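The structure appears below as structure tokens.
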Amino acid sequence: MSETKRIPIVMDFDTGTDDAIALISALMHRDILDICAITAVAGNVPIEGTAANTLNIVDMLGHTDIPVAKGAAAPLKRELHCAISHGKTGLGDVVVPDSERDFYEKDAADTIYEAAVKHKGELIVLATGPQTNMALAIQRHPEIVDMIKRVYIMGGCLVGGNMTQASEFNAYVDPEAIQILFRSGLDIVMVGLDVTLQTELPMWVKDKLAALPSKEAKLAVQVMNFMLRRNKDFGFDVANLHDVVAFCAIVHPEVLKLKRYYVDVETEGTITRGMTVADFRDVCPEKEKNVDCAEDIDVDAFWSWFVKIFEERGTV
């Protein structure tokens, strides 16, 4: 595929375990993706960890030409709440060599804006952590709303939660940020727990990757092994690749069933902080539908796609 036909994209991660596997997966798609930059946000672990993990993985896999920018160290209005399931560093006991290069000169919000200006109207954004960087980009540069084609997020859920009974982790960490995003007028695809919790990692998938010689597969399997061990400590026998599903929505959308709703986020509730509230009513809804929400997923097709990219796109 020619350079001009590649999809311009900025990817924003709070790189912990499943983010790392989503990042690895995305880096194997540079024939169809023009990766303008990769940005980091605090979330699963503090920003120093997520940023280092992002840069180190990118460089370890040989993509030193991609700018990596450090982003927000804290939510817009709240103290940072990190996730214990990713370990102290965000990658558990997985060791990735330190990069020898510096972060990009601009912070994440301005890096996203820079790419949006360059690819006016064509830029895709994938954001798999708290939406702080996207919210800051919108606050600083309101015109960015007309410059971005679509934003894909891993976050929220139509029903239930994992951080609380009502909210998903990313939305809980910075509800004000995701509210800014939802109210911005941007075209948004929300890939939430409704579908990501369906993708429990099968052992045959890990075994398939473990048999491959590529450095991408080897790193992914190391991360998977940590996830399974760590989750077992918490009483779970499974692991979910939440952020990989959000990436899949960009390059293999056929596996997901989307439906558009009006969605907003609770920022004031004491037991509903970060709850993504969708208006399911079809009769005279109060506000215009603003988010394409993933409601279902073809799980078998998802795992077949996932294994195939490592089999066909990995580098030894």
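With the sequence shown counted from 1, adding 16 to any position gets you this note's numbering.
Cβ atoms here follow ideal geometry from the backbone N, Cα and C, with glycine treated the same way.
Remember, predicted model here, so these are calculated numbers, not experimental data.
For residue 56, the pairing in a beta bridge is given by DSSP as 29, 86.
Ranked by Cα distance from residue 30, the options 176, 204, 143 are led by 143. Along the region 275 to 314, the beta strand (DSSP E) occurs as fully enclosed runs of 3 or more residues at 292 to 295, 307 to 313, listed in sequence order. Short of 8 Å from the beta carbon of residue 256, and not among the five residues preceding or following it, lie these beta carbons of its own chain, in chain order: 34, 212, 213, 215, 216, 217. DSSP, read as helix, strand or coil, puts residue 206 in strand. It is roughly 45 Å from the alpha-carbon of residue 84 to the alpha-carbon of residue 299. Residue 133 is classed as exposed because its beta carbon has fewer than 16 other beta carbons within 10 Å across all chains shown.
Taking a contact to require three or more Cβ pairs closer than 8 Å, the region 123 to 140 and the region 92 to 103 do not qualify as touching. Here the C-alpha atom of residue 223 lies approximately 10 Å from the C-alpha atom of residue 323. The three-state secondary structure of residue 138, taken from DSSP, is coil. Straight-line measurement puts the Cα of residue 250 at about 40 Å from the Cα of residue 129. As the crow flies, the alpha-carbon of residue 21 is around 45 Å from that of residue 285.
Between residue 66 and residue 59, the C-beta spacing is below 9 Å.
Taking a cut-off of 8 Å for Cβ pairs, the region 253 to 271 and the region 148 to 162 do not touch, as fewer than three such pairs fall below it. Taking C-alpha positions only, residue 44 is separated from residue 230 by approximately 11 Å.
Burial state of residue 160 is buried, judged by a 10 Å Cβ sphere holding 16 or more other Cβ atoms.
Residue 225 and residue 171 have their C-alpha atoms spaced approximately 27 Å apart. A check of alpha carbon separations from residue 270 across 120, 312, 325, 121 identifies 312 as the nearest. For residue 243, the enclosing alpha helix (DSSP H) covers residues 231 to 249. Assigned with DSSP and collapsed to three states, residue 168 falls in strand.
Take the alpha-carbon of residue 24 and the one of residue 166: they are about 11 Å apart. Residues of the same chain with a CB within less than 6 Å of the CB of residue 305, apart from the 5 flanking positions on each side, are 276, 277, 278 in chain order. Rounded to the nearest angstrom, the gap between the Cα atoms of residue 280 and residue 252 is 31 Å.
The beta carbon of residue 124 lies closer than 6 Å to those of 55, 85, 87, 149 in the same chain, with the five residues before and after it left out.
9 Å or more divides the Cβ of residue 309 from the Cβ of residue 141.
With a contact defined as Cβ atoms closer than 8 Å, residue 89 and residue 73 miss out at about 20 Å.
Scanning 266, 234, 303, 274 for the CA closest to the CA of residue 331 turns up 234. Under the three-state reduction of DSSP output, residue 116 falls in the coil class, being neither helix nor strand. A straight line joining the alpha-carbon of residue 273 with that of residue 174 spans about 13 Å. From the listed residues 32, 40, 27, 57, the smallest Cα separation to residue 51 is found for 27. In this structure residue 219 is exposed. Its beta-carbon is surrounded by fewer than 16 other beta-carbon atoms within 10 angstroms. Closest option to residue 268, judged by alpha-carbon separation, among 168, 228, 194, 53: 168.
Put simply, the backbone Cα of residue 241 is about 31 Å away from that of residue 292. Non-local beta-carbon contacts of residue 303 in its own chain, meaning distances under 6 Å to residues more than five positions away in sequence, involve 278 in chain order.
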